[in-house]
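Right, one structure below, let's go through it.
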Amino acid sequence: MPSPSRFLLIISKLLYNILLMSETLNLDAAFSALADPTRRAILARLAKGETTVMELAKPFEITQPAISQHLKVLEDAGLVERRVDGAKRPRRLAEAGIEVMDQWLAMLRKALEKNYDRLDEVLAGAELPKRKRGEKR
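In our numbering, each residue's number is its place in the sequence shown (first place is 1) plus 1078.
Next up, the structure:
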């Protein structure tokens, strides 16, 4: 019979995979939602503060129902939240959804920085051959 620590390891691994997969699915939905320029513009407007669907629809040459459909995609992706205020349903950016994307992008930035640091080290230690005047590379 497997030891309790073995069970703990298996359970931990399963939970890690479940969390990783749900986060990845959220990332897929979030980046898919960002593929549309109208949705990016909506997010840019919401970055200034909470607003209603009617206010969001004003600068666009599309109908209010079309804006609502875009908002539904953004809500499903976890990037926008809806608040109930009487008959109004103002929208705002969802901090958790934006944070997940930011963490993923930060991981990529860190990897790029490490690559550039390694390149700097290689270039600092390498002696480049001197070219003669007029010689092509």
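Where a beta carbon is used, it is the ideal one built from N, C-alpha and C, also for glycine.
Quiz item: From this set, T1116, L1157, A1125, which residue's C-alpha is nearest P1137's C-alpha?
Solution: T1116
Practice problem: Give a yes or no on whether the C-beta atoms belonging to L1171 and L1124 are separated by under 7 Å. | Solution: Yes, the Cβ-Cβ distance between L1171 and L1124 is below 7 Å.
Quiz prompt | Beta-bridge partners of T1129, as assigned by DSSP | solution = R1169
Quiz item: Are the CB atoms of A1111 and L1152 nearer to each other than 7 Å?
Solution: yes
Self-check item: For R1196, three-class secondary structure by DSSP
Solution: helix
Self-check item: Burial state of G1212 (16 or more Cβ within 10 Å)
Solution: exposed
Quiz item: How long is the line joining the alpha carbons of G1164 and H1148, rounded to whole angstroms?
Solution: 22 Å
Quiz prompt | Beta-bridge pairing of R1117 - partner residues as DSSP gives them | solution = Note: R1117 sits in no beta bridge, so no partner.
Quiz prompt | Buried/exposed call for G1156, threshold 16 Cβ in 10 Å | solution = buried
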